Amino acid sequence: MASLSFTTLPSTSSSSKNPLFSKIFSHVKQSQRFQVSCNAAANNNEKTVKNSETPKLILPKTENVDRRNLLLGLGGLYGAANMTSIPSAFGTPIAAPDNISDCVTASSNLQNSKDAVRGLACCPPVLSSDKPKDYVLPINPVIRVRPAAQRASEEYIAKYKAAIQAMKDLPEDHPHSWKQQAKIHCAYCNGGYNQEQSGFPDIQLQIHNTWLFFPFHRWYLYFYERILGKLIKDPTFALPYWNWDNPTGMVLPAMFETDGKRNPIFDPYRNATHLPPTIFEVGYNGSDSGASCIDQISANLSLMYRQMITSAPDTTTFFGGEFVAGDDPLNKEFNVAGSIEAGVHTAAHRWVGDPRMANNEDMGNFYSAGYDPLFYVHHANVDRMWKIWKDLGIKGHNEPTSDDWLNASYVFYDENEELVRVYNKDCVNIKRMGFDYERSEIPWLHSRPVAHAKGANVAAKLTGIVKKVEDVKLPVKLNEIVKVLVKRPVIADRFEMITLP
Ligand SMILES: [Cu+2]
């Protein structure tokens, strides 16, 4: 069995002498401290690794894919666009209903609802008829530091597993139970709620493919983490994050694999061909790239750079399209995902989801994703991307500032089983919320794809005998140098905003 090992080397290491390193990081600045090795590349029996002389740039597939197919099951939603939607000029922030008892069985975003093994009854338990209270952030909270999953200690992993087990041990109808927590995602993403709170009871609420994506998931994880901490009586407990943007984290974190014992964070509904040492594909679109370990890492880093920098220069490209009360998620006009949501976020969902399942359960579908503990760990890194994007300090890297975004709100049960309403404006500062991320190197910052300068037309610069491809007579005698101009394949240079048809 091939093994895949990653090594962190000091900046003074002899990386240039190591052919593997120089292959991976030929495009990376010498000053970069972080490096990896793909031992698996030496093993010819390893299916996912092929011999390769030069790293190839793997095309960013996800970005050219029809959004309907990104998460299996989306197609059903968009079959009949509802053209009765109200223009967003009304400008009222989206708000989840006060009356959670108005929640209905999930009906959207599923092609194979009859085979939905996790069930579509996603509404939360109603504990009282009281309206949700506006949530007040704790003052001077203890900072919970979310560790990178691949570096988590044995002690931490045991604690995390104990917390998930405690969640699974709760009665199913308890708002903190594993199932109820999973159902939150289903209710908010598969048509459980409507916009009655904002005056549009006939229009669904949806938090994907809009600027609500980042803040909704930040709040979702916030309470999930606090609930886990409370269950194990550890007020400092923090979720791990799946560090897929760093080569050391580009495989499914080992703690999630089956260990022969009862592992509460193992999920049987995962793609069995994507377990370690298979490298995660940031551009995964449903079929494996077949790239070598080295090439895949290189492609992943370039894509991360693209999704975080090149394709996300401003608020809309990063956060996604505006979505306010009256906007109908069934209307393609209001479905514009930001670069990370449409890119690595969706790729990881699809890469982990089980292709044997009718709806790619668990991770490959909105309605079931929350049943896999990996969902929250994946989303912790998605959330970390928000923080990194902001912290880069690049002009244009700002959260939305309009009232429609700041005052958009959702309803959750907090760790004390209180129904609370939370607002986007209160989730902008994570330190204020009481959590942070353990630092991890960000090698993609040095992985800017090399672009050809305009005017650097090879044909114009080449001298000597250059033939057009149609003028070349095969077979060519190899007693002279033959230069041939070939047509360059079309490569999208920038991330295209993906809109639903
Ligand atoms: Cu997600």
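Here my numbering is used: the first residue of the sequence shown is 712, the next is one more, and so on. C-beta: ideal position from N, C-alpha, C; glycine also. As the structure is a prediction and not an experimental result, all values here were calculated from the model.
Collapsed DSSP secondary structure at Gly940 in the structure displayed:
What you label residue 940 is simply residue 229 of the sequence shown in a count that begins at 1. Three-state result, Gly940: helix.
At least three beta-carbon pairs within less than 8 Å, the region 1087–1094 to the region 1000–1017
no
Using C-beta distances below 6 Å, list every residue in its chain close to Ile938, excluding the 5 sequence neighbours before and after it, in chain order.
Position 227 of the sequence shown, counting from 1, holds the residue named residue 938. Within the same chain, Ile938 has close Cβ partners His887 and Glu1126.
Return the chain-ordered list of same chain residues with a C-beta closer than 8 Å to the C-beta of Ala898, the five sequence neighbours on each side being excluded.
Along the sequence shown, one-based indexing puts residue 898 at 187. Cβ neighbours of Ala898 beyond the five flanking positions: Cys814, Ala817, Cys833, Cys834, Pro835 and Tyr904.
Same chain, Cβ closer than 7 Å to His985, neighbours up to 5 away in sequence not counted
Residue numbering aside, residue 985 sits at position 274 when the sequence shown is read from its first letter. Excluding residues within five positions, the ones whose Cβ falls inside 7 Å are Leu963, Trp1062 and Val1063.
Say yes only if the C-beta of Ala1119 is nearer than 8 Å to one or more non-hydrogen atoms of ligand 1, and no if none qualify.
Numbered from its first residue, the sequence shown carries residue 1119 at position 408. Closer than 8 Å to some heavy atom of ligand 1: that does not describe the Cβ of Ala1119.
Identity of the residue in Ser824, Ala806 and Asn820 nearest Ala1069 by Cα:
Position 358 of the sequence shown, counted from the start, is the residue given in the question as residue 1069. The option with the nearest alpha carbon to Ala1069 is Ser824.
Check whether the Cβ atoms of Arg1017 and Pro1160 lie closer than 9 Å to each other.
Here residue 1017 corresponds to residue number 306 of the sequence shown, with the count starting at 1. Here residue 1160 corresponds to residue number 449 of the sequence shown, with the count starting at 1. Against a cut-off of 9 Å, the Cβ pair of Pro1160 and Arg1017 comes out as a contact.
Taking the alpha helix (DSSP H) that Ser840 falls in, what are its first and last residues?
As a first step, residue 840 must be located in the sequence shown, where it is residue number 129. Looking at the DSSP string, Ser840 is not in any alpha helix (DSSP H), and its letter there is neither H nor E.
Can Val1213 be considered in contact with ligand 1, in the sense that its beta carbon sits closer than 8 Å to one or more heavy atoms?
Shown here, the chain extends from 712 to 1212; a query on residue 1213 therefore has no answer.
Can you find a heavy atom of ligand 1 that lies under 8 Å from the Cβ of Ala893?
The residue given as residue 893 occupies position 182 in the sequence shown. Checking every heavy atom of ligand 1 against the Cβ of Ala893, none is found closer than 8 Å.
DSSP three-state call for Pro958: helix, strand or coil?
Stepping through the sequence shown from its first residue, residue 958 is reached at position 247. If DSSP states are grouped into helix, strand and coil, Pro958 belongs with the helices.
Taking Trp930 as the reference, give the member of Val1122, Asp884 and His1157 with the closest Cα.
As a first step, residue 930 is located in the sequence shown; it is residue number 219 there, counting from the start. The shortest C-alpha separation from Trp930 is found at Val1122.
Candidates Thr947, Ser1013 and Pro1066: closest to Gly997 by CA position
Position 286 of the sequence shown, counted from the start, is the residue given in the question as residue 997. Of the listed residues, the one whose Cα sits closest to Gly997 is Pro1066.
Where do the N-terminal and C-terminal ends of the alpha helix (DSSP H) with Gln892 fall, by residue?
Taking the first residue of the sequence shown as position 1, residue 892 is located at position 181. Taken as a continuous stretch (DSSP letters only), the alpha helix (DSSP H) holding Gln892 covers Trp889 to Cys900.
What is the DSSP secondary structure of Arg1132, counted as helix, strand or coil?
Here residue 1132 is taken as the residue at index 421 of the sequence shown, counted from 1. Strand at Arg1132.
Among residues of its own chain, excluding the 5 on either side of Asp826, which ones have a beta-carbon nearer than 6 Å to its beta-carbon?
Taking the first residue of the sequence shown as position 1, residue 826 is located at position 115. Contacts found: Ala1069.
Cβ neighbour criterion (16 or more within 10 Å) applied to Leu782
By one-based count along the sequence shown, residue 782 stands at place 71. Confidence is the limiting factor: at Leu782 the pLDDT is only 44, short of 50, which leaves the residue's position unreliable and the question unanswerable from this model.
Write down the C-beta distance between Ile1008 and Ile1020 rounded to the nearest angstrom, noting that I regard them as a contact closer than 8 Å.
By 1-based counting over the sequence shown, the position of residue 1008 is 297. By 1-based counting over the sequence shown, the position of residue 1020 is 309. In fact, because the Cβ distance is near 18 Å, the residues do not count as touching under 8 Å.
Pick helix, strand or coil for Val1122, following the three-state DSSP scheme.
Indexing the sequence shown from 1 puts residue 1122 at position 411. Reduced to three states, the DSSP call for Val1122 is strand.
Please report the distance separating the alpha-carbon of Ile850 from that of Asn982.
The residue given as residue 850 occupies position 139 in the sequence shown. The residue given as residue 982 occupies position 271 in the sequence shown. Cα to Cα, the separation comes out at about 42 Å.
Out of Ile1051, Trp889 and Asp884, which has the shortest C-alpha to C-alpha gap to Ala877?
In the sequence shown, counting from the first residue as 1, residue 877 sits at position 166. The candidate whose alpha carbon is nearest that of Ala877 is Trp889.
Under 9 Å between C-beta atoms of Val1055 and Thr921
Working through the sequence shown from its first residue, we reach residue 1055 at position 344. Working through the sequence shown from its first residue, we reach residue 921 at position 210. No; because the gap between Cβ atoms is not below 9 Å, this pair is not in contact.
Can we count Ser1055 as close to ligand 1, meaning its CB is less than 8 Å from some heavy atom?
The residue given as residue 1055 occupies position 344 in the sequence shown. For the sequence presented, residue 1055 should be read as Val rather than Ser. No, the Cβ of Val1055 stays beyond 8 Å of every heavy atom of ligand 1.
Going by DSSP in three states, Gly1107 sits in which element: helix, strand or coil?
Start at 1 with the first residue of the sequence shown, and residue 1107 comes out as number 396. Coil at Gly1107, not helix or strand.
Under 8 Å from any heavy atom of ligand 1, does the C-beta of Val1063 make it?
If you number the sequence shown from 1, residue 1063 lands on position 352. Val1063 Cβ: outside cutoff for every heavy atom of ligand 1.
Considering only their Cβ atoms, is the gap separating Glu1149 from Val853 smaller than 9 Å?
If you number the sequence shown from 1, residue 853 lands on position 142. If you number the sequence shown from 1, residue 1149 lands on position 438. Cβ distance not < 9 Å, so Val853 and Glu1149 don't count as in contact.
Between Gly1145, Ile914 and Ala873, which has its C-alpha nearest Leu1041's C-alpha?
Sequence index remark: in the sequence shown, residue 1041 carries index 330 (1-based). Answer by Cα proximity: Ile914.
Alpha carbon to alpha carbon, how far is Phe1045 from Asp970?
On the sequence shown, residue 1045 is found 334 positions in, with the first residue counted as 1. On the sequence shown, residue 970 is found 259 positions in, with the first residue counted as 1. So the alpha carbons of these two residues sit roughly 44 Å apart.
Quick check: does the Cβ of Phe967 come within less than 8 Å of any heavy atom belonging to ligand 1?
Stepping through the sequence shown from its first residue, residue 967 is reached at position 256. Flag unset: Cβ of Phe967 not near ligand 1.
Verify the contact flag: Ala1080, CB atom, against every heavy atom of ligand 3, threshold strictly below 8 Å.
The model on display carries ligand 1 but not ligand 3.
Host beta strand (DSSP E) of Asp913 (start-end)
On the sequence shown, residue 913 is found 202 positions in, with the first residue counted as 1. Where Asp913 is concerned, the enclosing beta strand (DSSP E) stretches over Phe911 to Gln915.
When DSSP labels each residue in this structure, what does Ala859 get in the three-state scheme?
Within the sequence shown, residue 859 is the residue found at index 148, counting from 1. Correct three-state label for Ala859: strand.
Using a threshold of 8 Å, is the CB atom of Phe1029 nearer than that to any non-hydrogen atom of ligand 1?
Residue numbering aside, residue 1029 sits at position 318 when the sequence shown is read from its first letter. Incorrect: Phe1029 has no Cβ contact closer than 8 Å to ligand 1.
Does the separation of the CB atoms of Ala806 and Arg1095 fall below 9 Å?
Locating residue 806 in the sequence shown gives position 95, where the first residue counts as 1. Locating residue 1095 in the sequence shown gives position 384, where the first residue counts as 1. No, the Cβ-Cβ distance between Ala806 and Arg1095 is not below 9 Å.
Are His885 and Gly1081 close, meaning C-beta to C-beta below 9 Å?
Stepping through the sequence shown from its first residue, residue 885 is reached at position 174. Stepping through the sequence shown from its first residue, residue 1081 is reached at position 370. No, they are not a contact pair.
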